[in-house]
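Protein chains in written order, with my numbering: chain A, 1444 to 1587; chain B, 29 to 163. Glycine is no exception: its CB is placed at the ideal position from the N, C-alpha and C atoms. Remember, it's a predicted structure, so these values are computed and weren't measured experimentally.
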């Protein structure tokens, strides 16, 4: 399970490759269980007409999540309110992060702000962002 | 009851993993967990985004509490993955409890991807107020 070094990538962007290698090493040492990363963790998919984003936001009140789109930048912002542990309670472990979070993602193209949809389910937020008409590639007829 | 036996300790991960290898190639995650003790119960709260009540398994074997949750995650069809930080996998966490839990009264709920297990203390260890009567 040694990290695979890709020579071509190394030549194009050594810094990125180094980071990737570091991530792989971290994963190796904690047995692939946990990698510290920004909150929320996100996944991005895209095709020619749409971008889809999924974000892990367990225990966040959907009403406390703000989504903003400016051009091709998506911002996920909000707050996770701590569990109400009583003053008398003895806390043994507190690993779940609480408080405000903010994550900014760059999308591959500009999206249509009016057509964005977001759905929160089982602690995962799924956002659908259709490409704006203006940013779609246009075929131009070459006239003879 | 002394402090030591009250404390919830993280069991060694060997309890789950042992020397046996997993057959399926799914990542195993250690969910971020809060553990606290109330007057009448121990409460374990674990982040398991993507897990629903039917994909959760809670097992108490002697004093070893195992929490397992399978997160299913559907990738959208007809899309290219552009960037990824999480995927479907299994959440697993093992705790060794003190022996003073009322097994019958254990309750678990999952809401918005957060698992919450309440383990009531057995009657004999609940704090009791004793009134001293004057003669």
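Interface flag, residue i vs chain B, CB-CB below 8 Å
| i | result |
| --- | --- |
| residue 1567 of chain A | yes |
| residue 1506 of chain A | no |
| residue 1532 of chain A | yes |
| residue 1490 of chain A | yes |
| residue 1580 of chain A | no |
| residue 1476 of chain A | With a pLDDT of 44 at residue 1476 of chain A, under the threshold of 50, the modelled position of this residue cannot be trusted; read the value that follows with caution. Judged by the 8 Å Cβ criterion, residue 1476 of chain A is in contact with chain B. |
Which of helix, strand or coil DSSP assigns to residue i
| i | result |
| --- | --- |
| residue 66 of chain B | coil |
| residue 87 of chain B | strand |
| residue 1551 of chain A | coil |
| residue 1577 of chain A | helix |
| residue 1506 of chain A | helix |
| residue 162 of chain B | coil |
| residue 29 of chain B | Confidence at residue 29 of chain B is low in this model, with a pLDDT of 35, below 50, so its placement is unreliable and the value that follows should be read with caution. Of the three classes helix, strand and coil, the one that applies to residue 29 of chain B here is coil, per DSSP. |
| residue 1539 of chain A | coil |
| residue 1557 of chain A | helix |
| residue 53 of chain B | coil |
| residue 151 of chain B | helix |
| residue 1564 of chain A | strand |
| residue 1417 of chain A | Here chain A comprises residues numbered 1444 to 1587, so residue 1417 of chain A is not present and cannot be evaluated. |
| residue 1582 of chain A | coil |
| residue 81 of chain B | helix |
Residues that residue i contacts on chain A, provided the C-beta gap is smaller than 7 Å
| i | result |
| --- | --- |
| residue 113 of chain B | 1480, 1484, 1485, 1486 |
| residue 62 of chain B | 1526, 1536, 1537, 1538, 1539 |
| residue 66 of chain B | 1529, 1532 |
| residue 2 of chain B | In the structure displayed, chain B extends from 29 to 163; residue 2 of chain B sits before or after that span and is not available. |
| residue 141 of chain B | 1501, 1502, 1565, 1566, 1567 |
Residue i, enclosing beta strand (DSSP E) - first and last residue
| i | result |
| --- | --- |
| residue 135 of chain B | 135-139 |
| residue 1486 of chain A | 1485-1489 |
| residue 1519 of chain A | 1516-1523 |
| residue 145 of chain B | 142-148 |
| residue 112 of chain B | 108-112 |
| residue 101 of chain B | That residue, residue 101 of chain B, is in no beta strand (DSSP E); it is neither H nor E in DSSP. |
| residue 121 of chain B | 117-124 |
Contact set between residue i and chain A, taken where Cβ atoms lie within less than 8 Å
| i | result |
| --- | --- |
| residue 148 of chain B | The contacting residues do not exist; residue 148 of chain B stays about 14 Å from chain A at best. |
| residue 87 of chain B | Near residue 87 of chain B there are no residues of chain A at all, since even the closest Cβ is about 19 Å away, more than 8 Å. |
| residue 106 of chain B | 1490 |
Chain A contact for residue i (CB, 8 Å cutoff)
| i | result |
| --- | --- |
| residue 109 of chain B | yes |
| residue 124 of chain B | no |
| residue 80 of chain B | yes |
| residue 129 of chain B | no |
| residue 29 of chain B | Because residue 29 of chain B carries a pLDDT of 35, less than 50, the predicted location of this residue cannot be relied on, and no value is offered for it. |
| residue 145 of chain B | no |
| residue 92 of chain B | no |
Neighbour list for residue i in chain B, Cβ cutoff strictly below 9 Å
| i | result |
| --- | --- |
| residue 1551 of chain A | 110 |
Chain-ordered neighbours of residue i on chain B, where CB pairs are closer than 8 Å
| i | result |
| --- | --- |
| residue 1495 of chain A | 104, 107 |
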